[in-house]
Amino acid sequence: MNGAAAPMLSTLPVTVLAPGVASRGAGASSGATVGRRSFGARQIGCRERGGQLAAGLAAAAATRGLCRTRRGKARNARAGLVLRAEEVEEDVAITEASDTRVVKRELNDRQQQFWEMLEEDFEEDVVPEFGRENLLRIYEFIKYCKYEKEIPELPDMQEIDPEYFPGLRAQPWWEVDEIDTPEWVEKVVAGLPYVQGELADLLEDNEEYLISDSVQNDVMGGGWSGFRLRRLGAWLSRNCELFPKTVQLLKQSDVPLAMRGVIVARQVPETGVQPHSDGRNFFLTAHFGLSVPPDCSITVGGEERQWKEDDCIILDTSFIHSTKNDSDEDRFVLVVDFWHPDLTIPEREALEWIYDFRNKFEQGKIKYVPKLPDGFWETLYVYSAWGGAYTEETIIKQPAGPDTLGGFRLGSF
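Per UniProt numbering, the sequence shown starts with residue 1, numbered consecutively.
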């Protein structure tokens with residue numbers, strides 16, 4: 001896999017991947033510093049290598065592409081059986097490892113209205129394009145999200161709540177040759193020096209970009225932080241300006257990007273992420289090693305593996321997983337979420353449409369109208385000093401506030 005050629009990037013000079021750059025410089029003695037720790041010789045960065053990368057990147061035209069980050073607070077679900085965070089750094093619900101899964105059975109008015117609107121538009125926009133017969137599992141997925149169906153018994157250590165997609169292979173770890181289009185992985189691996197060079201430049205210019213903001217989260221901990229390039233299906237233009245070659249590499253490698261994201265993730269020394277599940281089974285996650293010191297590992301479904309610098313490991317984050325960095329150096333990986341290989345093209349398109357609809361509803365672009373109690377208008381007419389000045393039409397047309405869905409997820413918002 002390491003022998004694959006990098007994709008032809010029109011704005012990237014071939015000198016960036018010269019042999020002297022791609023190999024580890026044994027004689028380097030200094031590098032871009034990360035606080036009081038070196039991001040240098042043994043990691044992505046001997047200064048010699050970083051200098052060559054910087055020179056190549058400085059000569060290249062930058063790709064210009066709103067970063068909105070949102071973090072939620074962990075809360076205890078019923079009787080403290082399940083600890084969840086509605087929205088954390090990865091924008092996914094996290095369920096702390098537990099033998100008990102709590103399933104809510106009722107939707108509130110906002111949820112019901114959301115699903116009614118979504119299903120109506122889905123029939124008009126998506127079904128005619130792909131055909132109902134090609135979307136049968138999507139309809140099942142919606143039923144699980146609405147708590148109309150119980151999630152079936154899952155493999156050991158897999159936790160999904162409630163966004164379960166039926167009929168997909170479930171295994172904690174995947175090999176590259178098990179996915180449907182492995183060639184994109186090889187292309188990204190071959191282009192990792194671009195990513196490493198841009199990371200070195202970022203840390204040298206302003207390390208605060210990667211200071212942890214997850215200290216309040218009991219699962220992620222204060223030692224994890226991420227620089228997000230893509231979120232909920234959209235590239236974040238201001239962040240992408242700092243990683244133009246990385247973005248171009250991913251686009252030209254034809255990565256089947258899922259709706260969640262692309263992140264440059266950092267784990268500081270002597271910290272770790274607690275065991276948890278990301279709660280969705282319809283995408284997999286690739287970790288590309290950018291800087292991996294010894295004594296760093298990730299455990300998924302009870303099996304521990306090490307990241308590989310200049311290489312890739314693939315995992316299913318719906319299985320309980322955790323990380324640790326027992327070294328005295330920072331660990332950096334490029335995290336890329338991509339569609340589960342068992343999804344068909346119509347199913348991928350439909351899921352993308354569903355989550356785009358959710359995002360618009362959440363952002364207030366699709367208005368939520370609160371349900372009024374029975375007899376509201378009669379009571380208002382009788383007791384209002386204005387008689388009938390406030391009518392159903394005038395009140396309903398008032399713009400909705402910004403708090404439409406907040407940080408809630410499908411089915412559980």
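Heads up, the beta-carbon is just placed ideally off N, CA and C, and yes, glycines get one too.
Query raised in the report: Using the beta-carbon count (16 or more within 10 Å), is K360 buried or exposed?
Result: exposed
Report task. Report the residue from L250, P256, V262, D201 whose alpha carbon sits nearest the alpha carbon of R230. Result -> V262
**Report entry** Candidates V336, K324, K365, V255, of which the one nearest D316 by Cα
**Finding:** Measuring from the Cα of D316, the nearest candidate turns out to be V336.
Query raised in the report: N108: buried (16+ other C-beta within 10 angstroms of its C-beta) or exposed?
Result: It is exposed - the Cβ of N108 has fewer than 16 other Cβ atoms within 10 Å.
Query raised in the report: How about R165 and N281: do their beta carbons lie closer than 7 angstroms?
Result: Per the sequence shown, the amino acid found at residue 165 is Phe instead of Arg. Result yes, Cβ atoms of F165 and N281 sit closer than 7 angstroms.
Report task. Quick one: using the 10 Å Cβ neighbour count with 16 as the cut-off for buried, is N239 buried or exposed? Result -> buried
Query raised in the report: On the three-state DSSP scale, how would you describe G197?
Result: helix
Query raised in the report: Expressed to the nearest angstrom, what Euclidean distance is found between the alpha-carbon atoms of E204 and E150?
Result: C-alpha separation (whole angstroms): 50 angstroms.
Query raised in the report: When the distance is taken between beta carbons, is L284 closer than 7 angstroms to I320?
Result: Going by C-beta atoms, I320 is not nearer than 7 angstroms to L284.
**Report entry** CB of S291 within 7 angstroms of CB of F227, strictly
**Finding:** no
**Report entry** Candidates C296, L232, V255: closest to Q363 by CA position
**Finding:** L232
Query raised in the report: Are there 16 or more other CB atoms within 10 angstroms of the CB of G197, so buried, or fewer, so exposed?
Result: buried
Report task. Entirely within the UniProt domain "Aspartyl/asparaginy/proline hydroxylase" (195-341) and at least 3 residues each: give me those beta strand (DSSP E) ranges in chain order. Result -> 224-231, 257-267, 283-291, 296-300, 303-305, 312-315, 321-325, 331-339
Query - CB of I142 within 7 angstroms of CB of S318, strictly - result: No, the pair does not count as a contact, with Cβ atoms beyond the cut-off.
Query raised in the report: Do you know offhand how far D310's Cα is from A286's?
Result: 13 angstroms
Report task. State the start and end residues of the unbroken alpha helix (DSSP H) segment that holds I345. Result -> 345-362
Report task. Could you check which residue in G302, E123, W339 has the C-alpha nearest to that of S277? Result -> G302
Query raised in the report: Taking the C-alpha atoms as reference points, what is the distance between P370 and E116?
Result: Each residue's alpha carbon lies about 14 angstroms from the other.
Query - Reference Q111, options C145, E133, E124, closest by Cα - result: C145
Query raised in the report: What do you reckon, are the CB atoms on W184 and S297 nearer than 7 angstroms?
Result: Not in contact: W184 and S297 (Cβ atoms no closer than 7 angstroms).
Report task. Identify the continuous alpha helix (DSSP H) that holds V188 and give its terminal residues. Result -> 183-190
Query raised in the report: If you draw a straight line from the C-alpha of E123 to the C-alpha of I366, how long is it?
Result: Taking the straight line joining both Cα atoms gives about 17 angstroms.
Report task. May I ask you to list the residues that DSSP assigns as paired with I151? Result -> According to DSSP, I151 shares a beta bridge with no other residue.
Query raised in the report: Around the Cβ of G167, are there at least 16 other Cβ atoms within 10 angstroms (buried) or fewer (exposed)?
Result: exposed
Requested in this report: Have a look at K308 and G289 and give me their C-alpha separation to the nearest angstrom.
Outcome: Straight-line spacing of the CA atoms in K308 and G289 works out to 5 angstroms.
Query - Buried/exposed call for Q267, threshold 16 Cβ in 10 Å - result: buried
Query raised in the report: Is it true that the CB of V273 sits closer than 7 angstroms to the CB of S327?
Result: Not in contact: S327 and V273 (Cβ atoms no closer than 7 angstroms).
Query raised in the report: Are there 16 or more other CB atoms within 10 angstroms of the CB of D330, so buried, or fewer, so exposed?
Result: buried
Query raised in the report: Is L199 buried or exposed, if buried means 16 or more other CB atoms sit within 10 Å of its CB?
Result: Around the beta carbon of L199, 16 or more other beta carbons sit within 10 angstroms, so the residue counts as buried.
Report task. Specify the secondary structure class of Q111 as computed by DSSP and reduced to three states. Result -> helix
Query - D356 versus L118: straight-line alpha-carbon distance, rounded - result: C-alpha separation (whole angstroms): 11 angstroms.
Query raised in the report: Taking the alpha helix (DSSP H) that K143 falls in, what are its first and last residues?
Result: 136-145
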